[in-house]
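Colleague:
Right, dumping it as C-alpha cells:
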C-alpha cells in the first residue's frame, strides 16, 4: 500500500486546484476582500476548527490520532477568537448563530467522522493544518498588505508561534501520517475524506460570492443574459394576441383576442 501522505496529496490535487481557483481566494489574493467580509469568513473558520479540535481532543488516545495530535503547536481556536474580536468587535459570539448551510455541512462531516470512524479525522487535519502552514502564510501577508493592519493584529490565525521551522514541522507531520496504520479500505476512505474536506472549503467560499464584485466573466455573462431577456421580451410583444391588443389600444378599442 502506498504512503498515505503521498496519496493524500495526489488524490486531492484536482480539488485543491479548484479551491485555489475559487472566486473568494482569487479576490483574497488581489486584496479585494473587505474587512467586514473577512470578519464573517472567520466565523466559518471558527465553526470548523471548534468542531475539528473538539473531535481530535475526544480521540487523542486513538493510536493513529496520537501521531498527528499537536494541540499546542497547531490549535487555532484561541487564535481565531483574537481575530474575531479584532474584526467583529467584542460581541462576535452573537454572530455564531444561525450557522450557515456550508458551515453546518463542514461541521457535520467532521462530527460524522468522530462518531463513526475517528481515523478519518486525520484527513481533515491534513487539509486544514498543512494548508494553514503553507498557503495560509501567503494569505496572511496579503491580508496585512492590503488592509494596512496594525502590527500583529488580525492575523493571529496564521501565526504558529510554537513552531520555529514550519517546513521542518510539515515534513515531520507528513512522516507521522505515513506511520498511520489502517487497512486498505480505510486508507482509500481517508483520501476520499480529504477530497470532501476541500469541497467543504469551496462550499464555504461560495457563500461569500454574493458579497464580492462581479468578475469580468460574470459581467459578460450578465450582459448576455440581459440581452437575451430583452430579445425574448421583444418577441413576446410581437406575438399575435399581444400585437392585436397593442393596435386596439392605440385606436381606443378593446380586443377580444
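Residue numbers (this note's numbering): 62 to 318.
All residues carry an ideal CB built from backbone N, CA and C; glycine is no exception.
Can at least three beta-carbon pairs, one atom from the stretch 204 to 220 and one from the stretch 150 to 167, be found at a separation below 8 Å?
Modeller: no
Colleague: Which term fits residue 254, buried or exposed, when burial requires 16 or more other beta carbons within 10 angstroms of its beta carbon?
Modeller: Taking all protein chains in view, the Cβ of residue 254 is crowded by 16 or more other Cβ atoms within 10 Å, so the residue is classified as buried.
Colleague: Could you tell me whether the stretch 194 to 206 touches the stretch 141 to 152, using the rule of 3 or more Cβ pairs below 8 Å?
Modeller: no
Colleague: Using a Cβ-Cβ cutoff of less than 6 Å, which residues in the same chain neighbour residue 123 once the five nearest sequence positions on both sides are dropped?
Modeller: 179
Colleague: Just reading off the alpha helix (DSSP H) that residue 213 is part of, what are its end residues?
Modeller: Segment: none, residue 213 is in no alpha helix (DSSP H) and carries neither H nor E.
Colleague: Mind checking whether residue 112 and residue 172 have CB atoms under 8 Å apart?
Modeller: yes
Colleague: Counting only C-beta atoms, is residue 155 closer than 8 Å to chain C at any point?
Modeller: In the structure shown, chain C cannot be found, because there is only a single protein chain.
Colleague: When you compare only the Cα positions, how much space is there between residue 183 and residue 281?
Modeller: Straight through space, the alpha carbons of residue 281 and residue 183 are spaced by roughly 42 Å.
Colleague: Got a sec? Which residues, its chain only, sit under 8 Å from residue 141 by beta carbon, not counting five neighbours each side?
Modeller: 103, 106, 107, 110, 217, 218
Colleague: Can you list, in chain order, the residues of its chain whose CB lies under 6 Å from that of residue 153, leaving out five sequence neighbours each side?
Modeller: 145, 146
Colleague: With 16 as the cutoff for other CB atoms within 10 Å, does residue 73 come out buried or exposed?
Modeller: When all chains shown are included, residue 73 counts as buried.
Colleague: Comparing C-alpha positions only, which one of 77, 93, 67, 70 sits nearest to residue 272?
Modeller: 93
Colleague: Could I get the ranges of all uninterrupted alpha helix (DSSP H) runs contained in the stretch 133 to 172, with 4 residues as the minimum, in chain order?
Modeller: 138 to 149
Colleague: Alpha carbon to alpha carbon, what distance is there between residue 174 and residue 181?
Modeller: 6 Å
Colleague: Rounded to the nearest angstrom, what separates residue 157 and residue 237 at their Cα positions?
Modeller: A straight line joining the alpha-carbon of residue 157 with that of residue 237 spans about 34 Å.
Colleague: Cβ of residue 235 within 8 Å of Cβ of residue 66?
Modeller: yes
Colleague: Consult DSSP for residue 68 and reduce its assignment to one of helix, strand or coil.
Modeller: In this structure, DSSP gives residue 68 a helical state, which the three-state scheme calls helix.
Colleague: Please report the straight-line C-alpha distance between residue 128 and residue 240, rounded to a whole angstrom.
Modeller: 8 Å
Colleague: For residue 81, which of helix, strand or coil comes out of DSSP?
Modeller: helix
Colleague: Out of 114, 232, 176, state which residue places its alpha-carbon closest to the alpha-carbon of residue 194.
Modeller: 232
Colleague: Name the two residues that bound the continuous alpha helix (DSSP H) containing residue 131.
Modeller: Residue 131: not part of any alpha helix (DSSP H); DSSP gives it neither H nor E.
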